[in-house]
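Protein chains: 4
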Amino acid sequence: MGSMLEVSEVHTVEVGYDEFCGALAARDLKPLWRMARQLMPETPLPTTRPWLWKWDQVLPLAKRAGEIVTIERGGDRRVLAFANPGLNGLPYTSTTLWGAIQYLGPGENAPAHRHTPSAVRFVMTGHGVSTTVDGDECEMEPGDLILTPNWNWHDHNNRGDEPMVWFDGLDLPLVSSLEAVFFENHPRDRQAVEGRNLSQQRFAAVGLREAGAESPPAHSPLLRYRWTETDRALASLHRLRGGLAVSLEFVNPLTGGPAVATFGNEMHRLFPGGRTPTRRKTGSSVYVVFRGAGRTVVDGMEMRWGAGDVFVTPSWSAVDHEAFQVSDLFAITDAPVLRALHLYREEETGEPQPITGTFDPGR
Amino acid sequence: MGSMLEVSEVHTVEVGYDEFCGALAARDLKPLWRMARQLMPETPLPTTRPWLWKWDQVLPLAKRAGEIVTIERGGDRRVLAFANPGLNGLPYTSTTLWGAIQYLGPGENAPAHRHTPSAVRFVMTGHGVSTTVDGDECEMEPGDLILTPNWNWHDHNNRGDEPMVWFDGLDLPLVSSLEAVFFENHPRDRQAVEGRNLSQQRFAAVGLREAGAESPPAHSPLLRYRWTETDRALASLHRLRGGLAVSLEFVNPLTGGPAVATFGNEMHRLFPGGRTPTRRKTGSSVYVVFRGAGRTVVDGMEMRWGAGDVFVTPSWSAVDHEAFQVSDLFAITDAPVLRALHLYREEETGEPQPITGTFDPGR
Amino acid sequence: MGSMLEVSEVHTVEVGYDEFCGALAARDLKPLWRMARQLMPETPLPTTRPWLWKWDQVLPLAKRAGEIVTIERGGDRRVLAFANPGLNGLPYTSTTLWGAIQYLGPGENAPAHRHTPSAVRFVMTGHGVSTTVDGDECEMEPGDLILTPNWNWHDHNNRGDEPMVWFDGLDLPLVSSLEAVFFENHPRDRQAVEGRNLSQQRFAAVGLREAGAESPPAHSPLLRYRWTETDRALASLHRLRGGLAVSLEFVNPLTGGPAVATFGNEMHRLFPGGRTPTRRKTGSSVYVVFRGAGRTVVDGMEMRWGAGDVFVTPSWSAVDHEAFQVSDLFAITDAPVLRALHLYREEETGEPQPITGTFDPGR
Amino acid sequence: MGSMLEVSEVHTVEVGYDEFCGALAARDLKPLWRMARQLMPETPLPTTRPWLWKWDQVLPLAKRAGEIVTIERGGDRRVLAFANPGLNGLPYTSTTLWGAIQYLGPGENAPAHRHTPSAVRFVMTGHGVSTTVDGDECEMEPGDLILTPNWNWHDHNNRGDEPMVWFDGLDLPLVSSLEAVFFENHPRDRQAVEGRNLSQQRFAAVGLREAGAESPPAHSPLLRYRWTETDRALASLHRLRGGLAVSLEFVNPLTGGPAVATFGNEMHRLFPGGRTPTRRKTGSSVYVVFRGAGRTVVDGMEMRWGAGDVFVTPSWSAVDHEAFQVSDLFAITDAPVLRALHLYREEETGEPQPITGTFDPGR
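Residue numbers (my numbering), protein chains in the order written: chain Z, 1 to 363; chain U, 1001 to 1363; chain C, 2001 to 2363; chain P, 3001 to 3363.
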């Protein structure tokens, strides 16, 4: 038996266009014909704006936060989020990505908790800190990438005598818009530690895994990617490929897939000698300059960067890079999500894009 | 060589807390410690609200739109979106899903175009209409589900003498927040037609596919799911399983995965006899009552529904259903996205939830 | 520390070539240089030979087996294997596939057991028989395909008043060469029956599956593929594609992959009008003529077939078919194994192959 | 329309049982009821026998082959296959695996060719040799594993002044029984070399891959696994896990799956202190002792081994190991094939198995 729904018997009320529009609003209905073009543009119209944060402006504020944001004021989350001005005051760097700087002073401890948004920490400066992830105490050195994936317990501990500053990358905006954020505090400030750098010991060489059928987890079981290794891989790839840039993805060694299911983690080494080809891709990226200096052009706007700077490139923007000296940029991107949903596109535009302005971070 | 970033040499400015907060804002930085709880709640705090749209309120407006929204006014997109009141005026039904009612009068044609958001059409009433999808003219009858996946050309044509009303389901909010919407008009109003119901002919029986290695597409190559088949499968499954409800997913016959990569499509048959167990799951659903009558309780609020009504259940809300007569509900859901990103959770709450209020659609 | 293995200190014995070869044999060593060409031919040198078994020669023997092979003589396995003459007396139809004819008289029961080789039954003639597979009593009618996959309990029961004859297809040669055959008798002759044609009821329509995340099994959960459905799908596909032949694969509706992991099951409908293009592929196939008449040319040798005949085509042989009337051929093939191991190749040879002889089944 | 096959009209010939069996043979039919138990044993009845080849017996023969098997006699394939005595004279080590020792003298070159069977080379002793694989010149040092996968061009070149001896592992018996062997000689003795150790340079660190979506190949793109890395990974894993043994699998860094699709490659480090738990698994393994000394018990038979020895364990045999000193064993196994086909099983038997005899390699 089919439905009993019938149109013919319905009587419409004879109202004019304006009154009709009012009736729609009263019934929580929106007319598509008034907004079709805006909802479905020919190419993406990102609200994310290209933006740049300068290390020499951010760091003093982070340090000051370390002084005045005491524990009573929530100092255990002493995090400054890079808030994209296009996102209506939301503390997000793009519509899908959260970038922030976190400052942990000597002797401080960020208490253990877990959440469904996944996080990574890219260490910018400092020593003597470790993050414990589900019992595995991962040491942190500059350039290291530490994963604290979806629902893993984690706490950060500074046992050294200097502060550490790292970049926090999260998928929080995405997981928030999916309405799937869960959070839980650990019963204790610090988890019990099973051992130090355990995951590194499991994955000590390329192409070798412990024998036995293990069903691969959603997120990489390798939790610490050491800078010494990353540096070596960049150098090796550059010897092999040459060119203006080489790029690495951090992957799950059990699957070859993204280290974290919900965003990509990349390391780019740029060499002086000119601008890279201009590319567009769906999805945004947040870059962290680990060392070097150069510029990135985004839809004609030049952003000049140096060590410690952070910038964001929106979806489908035309992007090229130029290093003034050998430069290393860490980046997070939502490309794995777009790929998983079959929404990823990229293209190389033929000509170098004209530069039409320069981003003024001083505003 | 590591980074040159150093904290020690930085001089902070001696400002007070309020001044400090102002300095942050000036540099597009947001302090996490002031909003951690709200950004990371213990369980999802959806902005999507449970809501219900009544057929007898929507249909007259849709019909009236058919009368006064002429072609000049954009009548080729005569679509009324179910706009969730929790989403700040956005024309979305949930943070990830778009639901709408589309009205196509006799002799009318909605011109050919394509877009990266995927769409499905669930036919509520009418005859004599077809949708051509990449050259395959799919006939539409009540209860049929027609797919127009990501970047497939499609146009709708009413060759009959009565209007058709269907439910539009799209992933537009998700694809918008991923900043990955592309749109293109076809050079002609109507595509060339290669044949009628071609995809159905390719997939004429369960468990049989054309021989030869075809790499499975992201979206189902079966474009029309006929109501007669769906009805038969519901009846068959109910004979097998019994109980208060049986549920089917529309899948890609080449992979067994979701028919569309970015949202799920389901058909539920409910039987009188009591309330179903209360469940929570991450992700929202939009239900379309095809026939029958009953009620759904969402976080204690009862929504009474009949044929043609549409309602939405937010992420992690407690939900149970009760049919007053045998009822068929079509639903779209973002569960496949949450599963792909390893963010899906569900649980059955032990007790039936208390009913604390009733949704008033008359407001 | 590396190995201590050293070549330099070894003293060889001064023996001549023949003596040396003898010394190798004494130590269970074989010299590759004497057999390299034979072990590694330029293209496959199958030991499987193209062969044909005629229904009018096989059926009387099967029937006679039904008369004289009593239960005491093992009549519960009244199976005649099509033994390829190229395989040194092994009861296998090709190096990977087992084909046989099984005869079950009225009132007879083939007792319940299970084994790791997977089996399928393609019904050639008879009524009133069913096979119970893990509690699901599957009715058998001519043209039906019944699966009894790896380690599923199964028993066959003839409750009718006529004999049934079916074709048995198994991966036994493959599983034997992998040394992975396990077998177990059920404690009782007949399993308890949970219901009749249960799997069919679960999968009653194309592209619809029961909602809820079920991890797909290695083998199809659909156990009975009815001839009425297969016939309909063949007719539908022919309307869509036209041509001399249409081919269907039996697949797992939860994955779109092969119904059985270890061999493929196909149905081919051939139409009069000429010879199909000549093709080669790695892997062998065993064909069962369900109805019709025609011929197949294999490496130049013509095999003329009619209803009930069975023939085998070896790996990489040149094969074309010609139907003298509309013909339906069931086939099993090891192609899924070759695909899974990345060893599958196929090619179409340009010209029709010359016919150089005709297979004489009378020998 | 169904089939026209009918049983009722067939007339059987009234023959006795012996005459009937003769008639079957004449028609290339084999009666299952006379061999069911042997074809379908309760647990695998491998024809592969446990066997051991001693380095001090094999090496002198390999060296002698180097002296008398000149190029005219096929010295470019100076390979001695470990021929399992259970396999009727076939030059195979098990029903699926080929193991051999290859000897390449100073200045010698094994000319370039390719074949669908995949091969690996595990270097036992020697220096100054390289294998070029599709243009990538892979250096070979003791303990290194070099892949020459399915259809990759390869040639071996000894530019040093000492011989090299390596273990060859192939899937040749499997690919032969699948009748899928293809072979081709390269037009030149030596391929052009694009570079040295290129694949190593691409994969220079764990968990890092070149950015950009590359569809993963069937076989690992990493072609050389250096012993220094393997040794380090074994040591690291032992620090982490402790115990009598640690085991590594060589995997494809782009997928985490087996380095070669058709057989597994493993490295085991055993420590003195007792016998490992007794295990059975489907599928055979061939072990190569790289260093150390110990014993392995297979179905009660003890095989004592030292550096350079090779032994094979059949499917479903009870196996345990004991090291008398720290020992490293390379192994190949068909487990990935059995897993891909859903035929893999393993179990730990409770008690240590009794030792009932000792293998006498002197025979």
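Glycine included, every Cβ here is placed at the ideal spot set by N, Cα and C.
Given a cut-off of 8 Å on the beta-carbon distance, is the pair residue i and residue j in contact?
i                : j                : result
N412 of chain Z  : D155 of chain Z  : Nothing about residue 412 of chain Z can be reported from this structure: the residues present for chain Z run from 1 to 363 only.
Y287 of chain Z  : V310 of chain Z  : yes
L2005 of chain C : M3124 of chain P : yes
V3251 of chain P : G207 of chain Z  : yes
V3165 of chain P : I3101 of chain P : yes
G3283 of chain P : A3335 of chain P : yes
W1053 of chain U : E1141 of chain U : no
Hey, does residue i have any beta-carbon neighbour from chain Z nearer than 8 Å?
i                : result
E3249 of chain P : yes
A3119 of chain P : no
Buried or exposed: which applies to residue i, given that a residue is buried once 16 or more other Cβ atoms fall within 10 Å of its Cβ?
i                : result
S3199 of chain P : buried
H3011 of chain P : exposed
P1354 of chain U : exposed
E3179 of chain P : buried
V79 of chain Z   : buried
R224 of chain Z  : buried
N3088 of chain P : exposed
So, at 8 Å on beta carbons, what are the nonlocal neighbours of residue i in its own chain, with the 5 sequence-adjacent residues on each side left out?
i                : result
H2186 of chain C : P2111, A2112, H2113, R2114, W2153 and D2155
Do we get a CB-CB distance below 8 Å when we pair residue i with the residues of chain P?
i                : result
Y2017 of chain C : yes
W2166 of chain C : no
V326 of chain Z  : no
Within the same chain, show all residues whose beta-carbon is closer than 7 Å to that of residue i, passing over the 5 residues directly before and after it, in chain order.
i                : result
N1084 of chain U : T1048, R1049, W1051, Y1092, T1093, S1094 and V1312
D136 of chain Z  : E194, G195, L198, S199 and L223
Can you check whether the C-beta of residue i is within less than 8 Å of a C-beta belonging to chain C?
i                : result
N3150 of chain P : yes
V1337 of chain U : no
Y1287 of chain U : no
Please return the same chain residues whose Cβ sits closer than 6 Å to the Cβ of residue i, not counting the five positions on each side in sequence.
i                : result
G3002 of chain P : Below a pLDDT of 50, predicted positions are generally treated as unreliable, and G3002 of chain P, at 45, falls in that range; the measurement from the model is reported next regardless. None.
E2347 of chain C : R2280
M267 of chain Z  : T230, L248 and F330
From the options, pick the residue whose C-alpha is nearest to that of residue i; which is it?
i                : options                               : result
E9 of chain Z    : U:P1060, U:T1282, U:R1209 and U:L1005 : U:P1060
G2212 of chain C : U:W1166, U:R1339 and U:R1275          : U:R1339
A3245 of chain P : P:A3323, P:S3177 and P:L3080          : P:A3323
Y344 of chain Z  : Z:T333, Z:G350 and Z:E351             : Z:T333
P2361 of chain C : C:E2019, C:P2046, C:R2034 and C:D2056 : C:D2056
T43 of chain Z   : U:S1176, U:E1194, U:P1217 and U:H1219 : U:S1176
W33 of chain Z   : U:R1077, U:V1298 and U:G1300          : U:R1077
F2122 of chain C : C:E2302, C:S2285, C:F2290 and C:E2014 : C:F2290
G1169 of chain U : U:G1099, U:A1233 and U:E1351          : U:G1099
P2277 of chain C : C:S2327, C:T2349 and C:R2269          : C:T2349
W2316 of chain C : P:A3204, P:V3181 and P:T3132          : P:V3181
Compare the C-beta of residue i with all C-beta atoms of chain U and state if any pair is closer than 8 Å.
i                : result
A2315 of chain C : The question names Ala, but residue 2315 of chain C in the sequence shown is Ser. S2315 of chain C does not count as touching chain U.
G2 of chain Z    : A caution first: G2 of chain Z carries a pLDDT of 45, below 50, which makes its placement in the model too unreliable to give a value.
R27 of chain Z   : yes
F359 of chain Z  : no
P2352 of chain C : no
V2310 of chain C : no
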